[in-house]
Amino acid sequence: MTMCGRLPVVYAPEADERLSSWIARMAPFYAMTVSEFVATLGLKGHDVFDLEWRLSEGQGALIAARIGLSPEAVQAMTFREFGPQARLMIARKSRYYCPYCPEEPQRKSTALPWRFRCPVHGVEFRGATGETLSDRFGTDCFKKLEGHAEVGAAHLDAWARSAGQGDLEAPEVLQLLTVRHRRASPPNVCEQPRMSLKDRRDYHDFLTTPIIRQALTVVVPEYDQVAPVLAKPVRPGLHALAQGSLLQCFALAVGAGRIIEDPVKWAISVMLMSDAEAQGRVRQAIDAWPLSLRRSISARFWRAERDERARQSAEKAARQRQSHKLRLIQSHKYRYGIS
Ligand SMILES: [Zn+2]
960 MTMCGRLPVV YAPEADERLS SWIARMAPFY AMTVSEFVAT LGLKGHDVFD
1010 LEWRLSEGQG ALIAARIGLS PEAVQAMTFR EFGPQARLMI ARKSRYYCPY
1060 CPEEPQRKST ALPWRFRCPV HGVEFRGATG ETLSDRFGTD CFKKLEGHAE
1110 VGAAHLDAWA RSAGQGDLEA PEVLQLLTVR HRRASPPNVC EQPRMSLKDR
1160 RDYHDFLTTP IIRQALTVVV PEYDQVAPVL AKPVRPGLHA LAQGSLLQCF
1210 ALAVGAGRII EDPVKWAISV MLMSDAEAQG RVRQAIDAWP LSLRRSISAR
1260 FWRAERDERA RQSAEKAARQ RQSHKLRLIQ SHKYRYGIS
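FYI, in the numbering used here the residues of the sequence shown are 960 to 1298.
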């Protein structure tokens, strides 16, 4: 095949199709590999994922001339509307799948970790195991969380497109969500499956594995309750989203939404729940926040801390009264028994 002139047959790109997907559909038609087809487009040796991230004007014009589309239509298949900070968010294949969409074409919007419904069919995406988020959280709980996830997703999307997003940027929000706010600890009783004594002996390693404890579980306790214990920890900062599962990314979007809605409240909640060992880390995560927010947090924190102490000592006193009463009853019974 010659290296110039228009290709005889060209598939029209589908709505929102990414360049790598379109090339992957075209190459087999010409009985070529992807890199052979890229060479046919006049871009020998270029990586298809680099090309779909950014095409120079010249490269775009070259492809456009070769396939008979407008340069705009070619550029629309790239991720050029995203800033460089977002590149690590873009997966090479769709992250989650819609049961009604065919495997090809792959859409740009499904490369991002903060979309949880198919843009065409409106149904929930499914993760690698085929499970939906409604299956995992329960339908009612999922519906309640979805509102917060939408706020978080809009914020993350604006950050990825370098659009204005107010005081608190996505990396700072994720920094707090993923901070280790307590020392790592083995699965607690609610996190352990029911086990016989024999199983407990056999799975001693599992029961004593320290699990990383992150602020995400404070901001999204619903996630803490349903996530499988070994898959509960997420990676730090932006990598949590870039490499997270459907469940993890959804929880992160919910957490981001809640923090955007009330950053001061959630920062204080995390500080109150953190242990002595982790307080420095939590403070460090909040130190990156804008000054006005930090001032509100310190202004409210001492009062919140005082209230929390008062609540804890009231609880302790109630417990003591309770056990005193119990001891009293028991001692009466005992006396009654022997008299
Ligand atoms: Zn679909």
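Glycine residues also receive a C-beta, built at the ideal position from the N, C-alpha and C atoms.
- Pro-1072 is a Cβ neighbour of Cys-1208, given a cutoff of 8 Å.
- Residue pairing by DSSP leaves Ser-1282 without any beta bridge partner.
- Unbroken alpha helix (DSSP H) runs of no fewer than 4 residues, entirely contained in the segment 1227 to 1262, are found at 1238 to 1246, following chain order.
- Taking the Cβ of His-1114 as the reference point, every heavy atom of ligand 1 lies at 7 Å or farther away.
- Burial check for Glu-1011: the Cβ neighbour count within 10 Å reaches 16 or more, so the residue is buried.
- DSSP links Tyr-1056 through a beta bridge to Arg-1085.
- Between Val-1193 and Ala-1143, the alpha-carbon positions lie close to 13 Å from each other.
- Under the DSSP assignment, Ala-1143 falls outside any alpha helix (DSSP H), being part of the beta strand (DSSP E) whose first and last residues are 1139 to 1144.
- Counting only residues of its own chain and dropping the five nearest sequence neighbours on each side, Ile-1171 has a CB closer than 7 Å to the CB of Arg-1139, Ala-1143 and Pro-1192.
- If you compare the alpha carbons of Pro-1078, Glu-1220, Met-985 and Trp-981 with that of Val-968, the shortest gap goes to Met-985.
- For Tyr-1059, the distance from the CB to the nearest heavy atom of ligand 1 is below 7 Å.
- An exposed status is given to Asp-1009, since fewer than 16 other beta-carbon atoms sit within 10 Å of its beta-carbon.
- Around the beta carbon of Arg-1153, fewer than 16 other beta carbons lie within 10 angstroms, which makes this residue exposed.
- Runs of alpha helix (DSSP H) with 4 or more residues, each lying fully within the segment 1087 to 1112, are found at 1092 to 1096, listed in chain order.
- For Gln-1151, no beta strand (DSSP E) encloses it, and the DSSP letter there is neither H nor E.
- The residues Val-1223, Ala-1226, Ile-1227 and Ile-1245, in chain order, have a CB closer than 7 Å to that of Ile-1256 in the same chain once the five nearest residues on each side in sequence are set aside.
- Following the DSSP letters along the chain, one finds Ile-1026 inside the alpha helix (DSSP H) bounded by residues 1016 to 1026.
- Just so you know, the alpha carbons of Leu-1211 and Ile-1219 end up roughly 12 Å apart.
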